[in-house]
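Engineer:
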Amino acid sequence: MRGEASPLYGRQVPTDPPPDPPSGLPSGPPPTPDGLRARLETLATEAVRPDLADLDLLPTAELARLMNAEDASVPAAVAAALPRIAAAVDAVAERMARGGRLVYAGAGTAGRLGALDAAECPPTFGTGPGQVVAVLAGGRTAATAAVEGAEDDTEAAVADLDALRIGPDDTVIGVSASGRTPYAVAAVRHARVLGALTVGLACNPGSELAAAAAYAIEVATGPELIAGSTRLKAGTAQKLVLNMVSTLTMVRLGKTYGNLMVDLRPTNAKLRARAHRLVAQATGCSDEEVSAALAATGGEVKPAILCLLADLDPETAARLLTESRGRLREALARSRQGRPPRP
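Using full-length UniProt numbering, read the sequence shown as starting at 1 and increasing by one per residue.
#1: Count Cβ pairs between the region 249-263 and the region 325-332 that sit closer than 8 Å; are there 3 or more?
#2: So, are the CB atoms of A88 and V245 less than 8 Å apart?
#3: Express the C-alpha separation of G167 and L197 in angstroms, rounding to a whole number.
#4: Given a threshold of 16 other Cβ atoms within 10 Å of its Cβ, counted over all protein chains shown, does L57 qualify as buried or as exposed?
#5: Could you work out which residue in E46, M67, C121 is closest to N243 when comparing CA atoms only?
#6: Note down, one range per segment and in chain order, each beta strand (DSSP E) of at least 3 residues found wholly within the region 46-93.
#7: Using DSSP bridges, identify the partner residues of I217.
#8: Taking its Cβ as the centre, do 16 or more other Cβ atoms sit within 10 Å of D117, making it buried, or is it exposed?
#9: At which residues does the alpha helix (DSSP H) containing G126 begin and terminate?
#10: From what residue to what residue does the alpha helix (DSSP H) around I305 run?
#11: DSSP three-state label for T316, please.
#12: In the DSSP assignment, find the alpha helix (DSSP H) that holds residue 423 and state where it starts and stops.
#13: Please state if the CB of E218 and the CB of A234 are separated by a distance shorter than 8 Å.
#14: Would you call Q131 buried or exposed, if buried means 16 or more other Cβ atoms sit within 10 Å of its Cβ?
#15: Kindly indicate if chain C contains any beta-carbon less than 8 Å away from that of D263.
#16: Candidates D311, T283, A275, C307: which alpha carbon is nearest F125's?
#17: Between which two residues does the alpha helix (DSSP H) harbouring Y183 extend?
#18: Excluding the 5 residues preceding and the 5 following A213 in the sequence, name in chain order all residues of the same chain whose CB lies nearer than 7 Å to its CB.
#19: Measure the C-alpha to C-alpha separation of A47 and R231 and round it to an integer number of angstroms.
#20: Please classify S27 as buried or exposed, where buried requires at least 16 other C-beta atoms within 10 Å of its C-beta.
#21: Okay, do the region 293-305 and the region 259-273 touch, 3+ Cβ pairs below 8 Å being the bar?
#22: Would you decide whether R98 is buried or exposed? Buried here means 16 or more other CB atoms lie within 10 Å of its CB.
#23: Have a look at R112, A150, E208, L248 and flag the residue whose alpha-carbon is nearest the alpha-carbon of A86.
#24: With DSSP run on the structure shown, which of helix, strand or coil describes L43?
#25: Less than 6 Å between C-beta atoms, sequence neighbours within five positions excluded: which residues of the same chain meet that for A296?
#26: If we ignore side chains and look at the alpha-carbon of each, how far apart do L164 and A157 end up?
#27: Do A282 and L312 come within 8 Å of each other at the CB atom, strictly closer than that value?
#28: Counting C-beta neighbours from all protein chains within 10 Å, is the total for T144 16 or more, i.e. buried, or is it exposed?
#29: In whole angstroms, give me the CA-to-CA distance for E62 and L52.
#30: Going by CA-CA distance only, name the one from T45, A93, R101 that's closest to V74.
#31: So what's A119 in DSSP terms, helix, strand or just coil?
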């Protein structure tokens with residue numbers, strides 16, 4: 001088995017001392033408190049801004065203006081990393097096209113952002129069970145509450161990836177604002193040993209995470225409004241990048257038709273209404289024709305569009321989509337081969 005249906009994995013923090021480091025993890029003692037403090041002092045995301053020393057004395061309206069101005073700097077920081085993001089997307093899409101999975105690994109805010117992105121892929125893009133997942137330091141408990149010490153548990157990172165049986169067609173993206181979070185770095189190092197594609201997403205230049213990964217995405221967001229609170233600008237940057245990675249990968253995999261999310265799962269009233277609108281927008285057909293096509297295809301958008309645009313029965317539409325690896329444009333082209341143009 002390659003994984004469960006749930007997009008979130010991760011074991012709880014062990015109470016016993018971990019065994020010797022497995023392949024892919026650095027040996028040696030953890031950093032001393034003094035060493036860790038010295039390391040944190042070098043990170044831009046941990047820097048204290050003297051100009052904000054009186055922050056708590058400012059009027060609320062001025063605080064809101066300041067925070068909004070800080071947030072406005074994030075898209076430019078992401079823009080500087082676009083070439084690296086695009087290269088990573090192409091590499092991820094190539095492996096997923098071969099049946100590989102996209103796995104996010106992180107702790108705290110960064111890990112939760114990965115879990116959120118994984119959870120959104122099935123309803124938006126119709127991804128299969130286990131196709132996009134997240135491993136989170138501290139396991140499911142850490143999705144909604146802080147789990148002390150979880151981010152330092154490198155053994156858990158290895159165990160979480162081993163539970164998924166990571167292989168060469170898979171991608172593991174380590175997410176860490178500091179770029180030094182032990183859980184994320186260990187996950188990327190172990191994934192690389194297992195032959196998987198690795199990506200490191202951090203918000204400090206020259207990070208350990210970037211050095212460990214085949215593809216490094218470092219978005220330099222700088223000091224936070226509240227010193228060290230990386231759920232702010234760094235978290236916003238990570239969310240933007242994860243949005244890009246998953247969305248653009250799905251575009252490359254044919255999960256959209258133009259900018260229409262034609263692989264969505266219509267599992268509630270809103271999504272069923274959206275599915276109807278998508279088919280109507282893609283085909284220009286009447287409400288009655290769209291409703292009939294969706295009824296014939298079990299509510300699935302792609303085959304409904306193909307049935308209407310190519311005048312096909314649902315079985316033929318399904319077969320062409322299978323032959324075209326789910327790519328609607330390719331299925332449409334196949335449907336027209338050797339057929340006279342429609343009057």
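The C-beta atom is built at its ideal place from N, Cα and C for all residues, glycine as well.
Structural biologist: Straight from the coordinates:
#1: Touching, per the Cβ criterion.
#2: Within the sequence shown, the letter at position 88 stands for residue 88. Within the sequence shown, the letter at position 245 stands for residue 245. Yes. Within cutoff.
#3: The residue labelled residue 197 in the question sits at position 197 within the sequence shown. The residue labelled residue 167 in the question sits at position 167 within the sequence shown. Spanning the two alpha carbons is a distance of roughly 9 Å.
#4: Taking the sequence shown and counting its residues from 1, the one referred to as residue 57 is at position 57. Exposed, since its Cβ has fewer than 16 Cβ neighbours within 10 Å.
#5: Reading the sequence shown from its first residue, position 243 is the one you call residue 243. Closest by alpha carbon: C121.
#6: Taken in chain order, the complete beta strand (DSSP E) segments of 3 or more residues contained in the region 46-93 number zero; there are none.
#7: Here residue 217 corresponds to residue number 217 of the sequence shown, with the count starting at 1. DSSP lists L201 as partners of I217.
#8: Translated into the one-based positions of the sequence shown, residue 117 becomes position 117. D117 is classed as buried because its beta carbon has at least 16 other beta carbons within 10 Å across all chains shown.
#9: Locating residue 126 in the sequence shown gives position 126, counting from the first residue. Counting along the chain, G126 sits inside no alpha helix (DSSP H), nor does DSSP assign it H or E at all.
#10: Within the sequence shown, residue 305 is the residue found at index 305, counting from 1. Element bounds for I305: 301-310.
#11: Residue numbering aside, residue 316 sits at position 316 when the sequence shown is read from its first letter. In this structure, DSSP gives T316 a helical state, which the three-state scheme calls helix.
#12: Since the displayed the chain opens at 1 and closes at 343, residue 423 lies outside it and no answer follows.
#13: Position 234 of the sequence shown, counting from 1, holds the residue named residue 234. Position 218 of the sequence shown, counting from 1, holds the residue named residue 218. With a cutoff of 8 Å on beta-carbon distance, A234 and E218 are scored as not near each other.
#14: Within the sequence shown, numbered from 1, the residue matching residue 131 stands at position 131. Its Cβ being crowded by 16 or more others within 10 Å, Q131 is buried.
#15: Judged by its chain identifiers, the structure shown contains no chain C, having just a single protein chain.
#16: Here residue 125 refers to the residue found at position 125 when the sequence shown is read from its first residue. Closest option to F125, Cα to Cα, is A275.
#17: Residue 183 sits at position 183 when you count from the first residue of the sequence shown. Run containing Y183: 182-193, per the alpha helix (DSSP H) assignment.
#18: What you label residue 213 is simply residue 213 of the sequence shown in a count that begins at 1. Closer than 7 Å at the Cβ level, and outside the excluded window around A213, lie G174, V188, T198, V199, G200.
#19: Residue 47 sits at position 47 when you count from the first residue of the sequence shown. Residue 231 sits at position 231 when you count from the first residue of the sequence shown. Between the alpha carbons of A47 and R231 lies a distance of about 14 Å.
#20: Translated into the one-based positions of the sequence shown, residue 27 becomes position 27. Any reading at S27 must be qualified, since the residue scores a pLDDT of 49, below 50, and its modelled position is unreliable; the value itself is stated next. By the beta-carbon neighbour count (other beta carbons within 10 angstroms, threshold 16), S27 is exposed.
#21: Contact check between the region 293-305 and the region 259-273: three or more CB pairs, one atom from each, fall below 8 Å, which counts as touching.
#22: Along the sequence shown, one-based indexing puts residue 98 at 98. Exposed.
#23: The residue given as residue 86 occupies position 86 in the sequence shown. Nearest of R112, A150, E208, L248 to A86, Cα basis: L248.
#24: Position 43 of the sequence shown, counted from the first residue, corresponds to residue 43. Judged by DSSP in its simplified three-state form, L43 adopts coil rather than helix or strand.
#25: Position 296 of the sequence shown, counted from the first residue, corresponds to residue 296. The beta carbon of A296 sits closer than 6 Å to the beta carbons of P314 from its chain, once the five residues preceding and following it are set aside; these are given in chain order.
#26: On the sequence shown, position 164 is the one that residue 164 refers to. On the sequence shown, position 157 is the one that residue 157 refers to. Here the alpha carbon of L164 sits roughly 11 Å from the alpha carbon of A157.
#27: Walking along the sequence shown from the start, residue 312 turns up at place 312. Walking along the sequence shown from the start, residue 282 turns up at place 282. Contact: no.
#28: In the sequence shown, counting from the first residue as 1, residue 144 sits at position 144. In summary, T144 is exposed, with fewer than 16 beta-carbon neighbours lying within 10 Å of its beta-carbon over all protein chains present.
#29: Position 62 of the sequence shown, counted from the start, is the residue given in the question as residue 62. Position 52 of the sequence shown, counted from the start, is the residue given in the question as residue 52. The alpha-carbon atoms of E62 and L52 are separated by roughly 12 Å.
#30: Along the sequence shown, read from residue 1 onward, the residue named residue 74 stands at position 74. Checking every option, the nearest Cα to that of V74 belongs to T45.
#31: Looking up residue 119 in the sequence shown gives position 119. A119: helix per DSSP, three-state reduction.
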